[in-house]
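Take a look at the structure set out below.
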Amino acid sequence: MRAISGPEIGSAMVLILIIICLGVIAIRAAAENQMRNSVLWRIEGKLDLLLQHAGMEFDPFKSLPREVAEAMQRGEKIKAIKLYREATGVGLKEAKDFVEEAQRRAGT
0 MRAISGPEIG
10 SAMVLILIII
20 CLGVIAIRAA
30 AENQMRNSVL
40 WRIEGKLDLL
50 LQHAGMEFDP
60 FKSLPREVAE
70 AMQRGEKIKA
80 IKLYREATGV
90 GLKEAKDFVE
100 EAQRRAGT
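Just so you know, numbering that gives the first Met the number 0 puts 83 at position 84 of the sequence shown, and the rest follows in order with no gaps.
Okay, here's the thing in structure tokens:
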């Protein structure tokens, strides 16, 4: 059995500190994300109440072609992207970004 030298202990301590710091950063990021989601949920709830009070209804699928909206409501994201591309002539990336943004706005 060989003795552990000072530099080896120092290297091990630095590695342990780096691992601890990364863990703390990950935990903090998760907490911030959860807080951000909570704030967004509260804002969306207030907006829903304002729309309801004004006698209005939010329809995230209103501006979409009917087939695209139906595919999104069924959870068929790939089909919705394909249908959107066919309806508008945009590229794959643009269609994917558009459908994902529409899903985000709809909360799906």
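Yeah, the Cβ is synthetic: ideal placement off N, Cα and C, and Gly gets one too.
query	result
Pair within 8 Å by beta-carbon distance, PRO64 and ALA94	no
Residue-level contact to chain B via CB, LEU82, 8 Å cutoff	Absence of chain B from the displayed structure is noted, only one protein chain being present.
For LYS95, three-class secondary structure by DSSP	helix
Other residues of its chain near ALA70: CB distance less than 7 Å, five sequence neighbours each side excluded	LYS78, ALA79 and LEU82
Through-space distance from ILE24 to GLN102, alpha-carbon basis	30 Å
Per-residue DSSP class, three states only, for SER62	coil
Beta-carbon proximity list for GLU56, same chain, < 7 Å, skipping 5 on both sides	LEU50
Rounded straight-line distance, which links the Cα of LEU16 to that of ARG84	50 Å
Simplified DSSP state of VAL67, which is helix, strand or coil	helix
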